[in-house]
Amino acid sequence: MDFVHEKAGVVPVAGEFDVIVAGSGPAGVSAALRAARAGARTLLLEQGGCLGGMWTAGLLGWIHDHSGKSGLVAQLKRELLRRGAAEEPPCSPAFAFEPEAMKLLLEELCLESSVTIRLYTMAVDVLWNASGGIDCLLTESKSGREAWKAQIFIDATGDGDIAALAGASFEQGEPGTGKLQPMSLIAMLAGVRPEEIRPYVNGWTRRAEAVANLRELLTANGAPPTYHDASLFHLSGELFLLMASHQYQVSGTSAADLTAATIEARRAIHAQVAALRRSGPPWDRIRLVSTAERIGVRETRRAAGLYTVTAQDLAEGRRHADAVCHVTFGIDIHALTPGTGRGTVGPEMEFRPYDIPLRALISRDIPNLLLAGRCISGDFYAHASYRVTGNCVPLGEAAGTLAALAVREKTAPARIPFSVFEAAGTLHRV
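Take the sequence shown: its letters are residues 168 to 597, numbered as in the working numbering.
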């Protein structure tokens with residue numbers, strides 16, 4: 168690979184905050200809200216054009232592992248139901264919502280809580296302070312290169328981008344092979360009523376039956392799904408979400424891979440919708456409304472924390488005195504290579520509901536860096552369980568609470584006693 172030299176220069180400081188959150192997905196927006204509500208001057212950076220990450224730009228209009236969770240999960244559910252933009256399917260544990268309604272709701276909540284939002288802005292580097300922590304993030308946007316200072320930084324990028332930029336340790340992929348779970352692009356469809364296609368709709372019919380019916384229908388009409396558990400989810404009215412393809416052996420930290428995967432996935436979706444329409448009434452009325460702006464990346468970096476959640480935690484159903492999230496979602500490893508069925512979880516992989524401790528959110532290497540969402544400290548197998556968005560929210564809330572406390576106490580997050588964290592009244596209760 169060839170290299171060039173960049174010109175040297177100065178970078179303007181665009182703002183100074185108590186807490187900066189990078190990434191506005193379920194974990195990031197939750198972290199920003201909790202930090203701001205606790206009194207911290209909070210900046211939320213997002214490289215895309217809306218808040219919500221996979222919930223919105225990714226059209227992931229359902230929340231797994233939401234049951235029994237309080238805090239922001241409960242608040243979002245209540246408000247989306249009140250606005251007529253969500254439903255709880257009769258045969259599914261997931262909570263379904265309209266992504267466009269979620270965009271507006273998250274913006275409203277952040278503005279009400281005095282979170283400073285900066286869209287279309289991507290973190291590209293870090294600068295250090297004299298104590299060995301991060302002094303500021305450098306970003307690129309239409310405004311050029313800018314610097315943003317803070318006392319505490321939260322990596323909620325999903326991919327552990329800030330941890331990687333800061334030189335922190337991380338792991339990714341299956342042990343021994345490094346293989347990553349496949350990506351999926353989601354599509355929004357419309358044109359039929361749910362009762363007309365009930366046998367194919369996940370949540371209106373038992374999952375296994377709905378998946379088998381949809382797979383058979385697509386295959387019979389010339390577009391076999393590359394995702395073994397191809398699924399159609401009802402949102403509201405005549406709106407549905409389709410997830411029926413896998414993009415294998417691609418990395419979410421490679422722009423080239425993301426580009427190729429997105430192009431191929433979009434082609435596959437158009438072919439699948441055409442196949443459904445060929446099957447005749449009522450499918451001949453189905454229309455492709457949109458494909459997601461962002462392809463769904465299940466797995467990339469897992470940054471090193473003060474505690475690493477492992478398969479052993481899941482096998483034992485381990486509880487922790489400093490628990491911040493109780494996970495009930497099982498180990499969900501999508502097939503790592505084409506044609507290998509559902510996934511790689513075998514009978515030897517035991518699972519019991521377990522806790523994620525606050526220590527897993529505290530960077531082992533960077534004193535003023537916290538982790539939130541799927542990039543927290545965990546192994547390949549544990550990550551496949553806690554990565555779903557119903558868990559990312561309380562992880563974000565915990566990171567935001569701890570960040571605000573560290574600012575208030577003028578100390579590193581690792582030095583905040585858990586008793587002080589509990590007394591702060593974080594909204595989620597384990």
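Positions of the beta carbon are idealized from the N, C-alpha and C atoms, including for glycine. Bear in mind that the values here come from a model prediction, so they are computed numbers and not experimental data.
Taking the alpha-carbon positions, what's the residue i to residue j distance?
i      : j      : result
Pro392 : Glu341 : 24 Å
Leu594 : Asp489 : Note that Leu594 scores a pLDDT of 45, beneath 50, so its modelled location is shaky and nothing firm can be said.
His395 : Ala411 : 8 Å
Val378 : Glu279 : 41 Å
Gly228 : His172 : 44 Å
Ala579 : Gly370 : 45 Å
Val293 : Arg444 : 50 Å
Leu399 : Asn388 : 16 Å
Leu305 : Gly176 : 13 Å
Ala471 : Cys492 : 18 Å
Gly497 : Leu503 : 17 Å
Gly540 : His550 : 10 Å
Using three-state DSSP, classify residue i as helix, strand or coil.
i      : result
Gly238 : helix
Cys542 : helix
Gln414 : strand
Glu183 : strand
Tyr521 : strand
Asn296 : coil
Ala175 : coil
Ser552 : helix
Trp229 : strand
Ile284 : strand
Asn621 : With the chain running from 168 to 597 in the structure shown, residue 621 is simply not present.
Excluding the 5 residues flanking residue i on each side, which residues of the same chain have their C-beta closer than 7 Å to its C-beta?
i      : result
Glu246 : Leu272
His487 : Asp522, Pro524
Arg454 : Leu356, Ala357, Gly358
Val587 : Leu572
Leu239 : Ser197, Leu200, Val560, Glu564, Leu594
Glu431 : Gln414
CB-CB under 6 Å to residue i, same chain, minus the five flanking residues each way: which ones, in chain order?
i      : result
Arg201 : Glu564, Gly567, Thr568
Glu466 : Leu347, Gln348
Glu517 : Ala482
Arg285 : Leu212
Ala459 : Gly225, Leu226, Leu352, Ile353
Pro505 : Tyr415
Kindly indicate the opening and closing residues of the beta strand (DSSP E) around residue i.
i      : result
Asp322 : 319-322
Glu362 : Taken as a continuous stretch (DSSP letters only), Glu362 belongs to no beta strand (DSSP E), as it is neither H nor E.
His401 : 398-403
Ser308 : 301-308
Kindly list the residues whose CB is nearer than 8 Å to the CB of residue i, restricted to its own chain and excluding five residues on each side of it in sequence; keep chain order.
i      : result
Asp546 : Glu338, Pro342, Arg469, Thr475, Val476, Thr477, Ala478
Lys309 : Tyr287
Gly513 : Annotation note: pLDDT 49 at Gly513 (below 50); position unreliable, coordinate value reported separately. Counting only Cβ-Cβ distances below 8 Å, and skipping sequence neighbours, we find nothing.
Arg519 : Leu481, Ala482, Glu483, Gly484
Where do the N-terminal and C-terminal ends of the alpha helix (DSSP H) with residue i fall, by residue?
i      : result
Gly311 : No alpha helix (DSSP H) holds Gly311; the beta strand (DSSP E) holding it covers 311-316.
Glu564 : 556-576
Cys277 : 266-279
Leu200 : 193-204
Ala488 : No alpha helix (DSSP H) holds Ala488; DSSP gives it neither H nor E.
Ala127 : This structure cannot settle anything about residue 127, because the visible part of the chain is limited to 168 through 597.
I'd like to know whether the C-beta of residue i is nearer than 8 Å to at least one C-beta of chain D.
i      : result
His437 : The structure shown contains no chain D; it is built from a single protein chain.
Checklist entry - Contact between the segment 179-192 and the segment 219-230: three or more CB pairs below 8 Å? => result yes
Checklist entry - Touch check for the segment 296-315 and the segment 178-185: three-plus C-beta pairs under 8 Å? => result yes
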